[in-house]
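Protein chains: 2
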Amino acid sequence: MSGTNHTLELVKNGPAIVLVEPQLGENIGMVARAMANFGLADLRLVNPRDGWPSEKARAAASRADHIIDAVSVFATLDEAIGDLNHVYATTARQRDMIKPVLTPREASIEMHQLGDEGRNIGILFGRERWGLENDEVSVAEKIITFPVNPAFASLNIAQAVLLVAYEWMNCETKASELHFERKQPIPAERKTLTAFLDYLENALDEAHYFHPPAKRDRMRMNLHNIFVHAELQELEIHTLHGVIAALERRWMKRSSG
Amino acid sequence: MSGTNHTLELVKNGPAIVLVEPQLGENIGMVARAMANFGLADLRLVNPRDGWPSEKARAAASRADHIIDAVSVFATLDEAIGDLNHVYATTARQRDMIKPVLTPREASIEMHQLGDEGRNIGILFGRERWGLENDEVSVAEKIITFPVNPAFASLNIAQAVLLVAYEWMNCETKASELHFERKQPIPAERKTLTAFLDYLENALDEAHYFHPPAKRDRMRMNLHNIFVHAELQELEIHTLHGVIAALERRWMKRSSG
């Protein structure tokens, strides 16, 4: 797989992540890393408290240098969203505003549709301490809120970006394109299992396992059930064959020695 | 809204989060915070590098004190998963093991079903630097892998926990909606399986099964994988214990007779 091309393909039409007055360079870096994990590339900062560039941000980005290098910095929110067609605001708490409220999953479906139509999209994230001001939320058409445990709702900014980016990349419509290789186990052909069970029963007969004789059929069936239920694969059955054979050989060596 | 009751309700049947040899207290704290965000409560540490308790962990947890206070610490992975019926391992890269591979979303659907049936579930997360060892992955029935951008796949441990917890809490297909009757077998608690595997290995050692010695670890891991994959129940394991014991006794009789 050619990683670089894949990246370029994934970032196509992805939303811009707009951090409004971020306070800590470390958080900006962790945001960049989360974006890289899920194929987003356009990171915009509005008036970062500690200035830009930031070595702390670069260190925390864990080699997401392509995102750090491409960061754009703006003096005002209006400038940062100037080229966007659609703006979403993320909020942790209820706002006294009448705007549609979406989950990250719902928003990602919508953003894919808009992106496919060539629209420019951005998502606003507020300061670490107190989020977005009401007048900043007001520039957004819609609000994204995170479905967290109401008893413990505070999400770190990088985690909020992570969830949005994760949903954007794993949106149902895209999921099929991302299929990593999966190998589901295939149970062995039954003749392999039967041969193993015959071998095991023979060993157990010689070891006088099946007693009293009246219980033999019941015990045999129990054993069969265990190995059928286990859905073992060819290789696994061969290994168990070796296990029983090892225990057999040991006996044979002793009795002939 | 009564926050506390809500929390209690949410954590019912949630999976345990098992961190294997975590290195940094900060990361343990951020994991606790992510768990609190999404209603998980059972955090287990296997042999944390910098010991426990950790003030750095508590600080990074941002007031998820109920989780930090309830952390349990274990010397070995086997002890940490002793009371669990189902174990998942999270991995970032492809492993040379034949186990089912799930996305966090697929796993969360399954975990809700299992949790509703009263099973104890745990998810393993590896060290920050190099993840889980192969023999640690081998105790898991299934693998959870994160659908990240293949060109930039490194997820921080707290982010990995965040995504799993987020999917667990926001699972769309809650088990209650799946209306078919399931009376599925319950895998034994892991301590039963561990005791059986110890017994089997001992018998095989005496039978000189593990040779050449260089292959011992690999052969041991293969055996573990087989019996983990089989998802055996308590009674089934007892039966297999009897099978091995019968083969043992046979040898002892012969060699003493």
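Each protein sequence line maps, in turn, to chains A and B.
All residue numbers for the first sequence refer to my numbering, where the first residue is 31 and numbers rise by one.
All residue numbers for the second sequence refer to my numbering, where the first residue is 31 and numbers rise by one.
By construction, the Cβ of each residue, glycine as well, lies at the ideal position given by its N, Cα and C atoms.
All values reported here derive from a predicted model rather than from experimental measurement.
Along the segment 219-247 of chain A, where does the CB come closer than 8 Å to a CB of chain B? Name the residues. 230, 233, 234, 236, 237, 238 and 239
Which whole-angstrom value describes the C-beta separation of residue 267 of chain B and residue 222 of chain B, a residue pair presumed to lie in contact below a C-beta threshold of 8 Å? 5 Å
Check whether the Cβ of residue 92 of chain A lies closer than 8 Å to any Cβ atom in chain B. yes
Interfacial residues, the segment 161-173 of chain B to chain A, with Cβ spacing under 9 Å: none
Cβ of residue 289 of chain B less than 8 Å from any chain A Cβ? The structure shown does not extend to residue 289 of chain B, since chain B spans only 31 to 287, so no value can be given for it.
Proximal residues, the segment 134-148 of chain B versus chain A, C-beta separation under 8 Å: 135
Helix, strand or coil, according to DSSP, for residue 62 of chain B in the structure here? helix
In the DSSP assignment, what residue or residues form a beta bridge with residue 152 of chain B? B:46 and B:117
Taking all protein chains shown into account, decide if residue 79 of chain B is buried (16 or more other Cβ within 10 angstroms of its Cβ) or exposed. exposed
Residues in the segment 99-118 of chain A with C-beta within 8 Å of chain B's C-beta atoms, listed in sequence order? For chain B, none of the residues of the segment 99-118 of chain A brings a beta carbon within less than 8 Å of one of its beta carbons.
With 8 Å as the C-beta to C-beta threshold (strictly closer), list the residues of the segment 57-78 of chain B near chain A in chain order. 60, 63, 64, 66, 67, 68 and 69
C-alpha gap between residue 275 of chain B and residue 55 of chain B, whole angstroms: 45 Å
With H, G and I counted as helix, E and B as strand and the rest as coil, what does DSSP make of residue 207 of chain B? Confidence at residue 207 of chain B is low in this model, with a pLDDT of 43, below 50, so the placement of that residue is unreliable and no value is reported for it.
Express the C-alpha separation of residue 174 of chain A and residue 45 of chain A in angstroms, rounding to a whole number. 13 Å
At the level of alpha carbons, what is the spacing between residue 265 of chain A and residue 225 of chain A? The straight-line gap from Cα to Cα measures roughly 14 Å.
Which residues in chain B sit within 9 Å of residue 47 of chain A, going by Cβ to Cβ distance? Those within 9 Å of residue 47 of chain A in chain B number zero; the least Cβ separation is about 15 Å.
Contact check, residue 195 of chain A vs residue 104 of chain A, beta carbons under 8 Å: 8 Å or more divides the Cβ of residue 195 of chain A from the Cβ of residue 104 of chain A.
Alpha helix (DSSP H) runs wholly inside the segment 173-256 of chain B, at least 4 long, in chain order: 187-199 and 220-236
Compare the Cα-Cα distances from residue 98 of chain B to each of B:114, B:75 and B:183 and report the closest residue. B:75
Comparing the C-beta of residue 269 of chain A with each C-beta of chain B, is any distance below 8 Å? It does: the Cβ of residue 269 of chain A has a partner Cβ on chain B nearer than 8 Å.
For the segment 255-266 of chain A, list every residue whose C-beta sits within 9 Å of some C-beta in chain B, in sequence order. Cβ contacts with chain B come from 255, 256, 257, 259, 260, 261, 262, 263, 265 and 266.
Cβ distance (whole Å) where residue 160 of chain A is taken to contact residue 70 of chain A below 8 Å: About 25 Å separates the two Cβ atoms, so there is no contact after all.
Closer than 8 Å is the cut-off here; do at least three beta carbon pairs connect the segment 118-125 of chain B with the segment 85-102 of chain B? no
Applying a beta-carbon distance threshold of less than 7 Å, which residues of chain A neighbour residue 273 of chain B? 234 and 239
Coil, strand or helix - residue 31 of chain A by DSSP: Interpretation of residue 31 of chain A is limited by its pLDDT of 32, a score under 50 that renders its predicted location unreliable; no figure is taken from the coordinates.
Write down the C-beta distance between residue 220 of chain B and residue 114 of chain B rounded to the nearest angstrom, noting that I regard them as a contact closer than 8 Å. 5 Å
Counting pairs of Cβ atoms below 8 Å between the segment 230-240 of chain A and the segment 249-256 of chain A, do you hit three or more? Flag = yes, the segment 230-240 of chain A and the segment 249-256 of chain A touch.
Taking the alpha-carbon positions, what's the residue 23 of chain B to residue 133 of chain B distance? In the structure displayed, chain B extends from 31 to 287; residue 23 of chain B sits before or after that span and is not available.
Is residue 162 of chain B helix, strand or coil by DSSP? Correct three-state label for residue 162 of chain B: coil.
If you measure from the beta carbon of residue 280 of chain A to each beta carbon in chain B, is any gap under 8 Å? yes
By Cβ distance below 7 Å, which residues in the same chain neighbour residue 272 of chain B in space, the five residues on each side in sequence not counted? none
Within 10 angstroms of its Cβ, does residue 81 of chain A collect 16 or more other Cβ (buried), or is it exposed? exposed
Chain-ordered chain B contacts of residue 178 of chain A [CB-CB under 7 Å]: Correct list: 67 and 68.
Helix, strand or coil, according to DSSP, for residue 73 of chain B in the structure here? For residue 73 of chain B, the three-state secondary structure derived from DSSP is strand.
Between residue 253 of chain B and chain A, is any beta-carbon pair separated by less than 8 Å? yes
Coil, strand or helix - residue 103 of chain B by DSSP: strand
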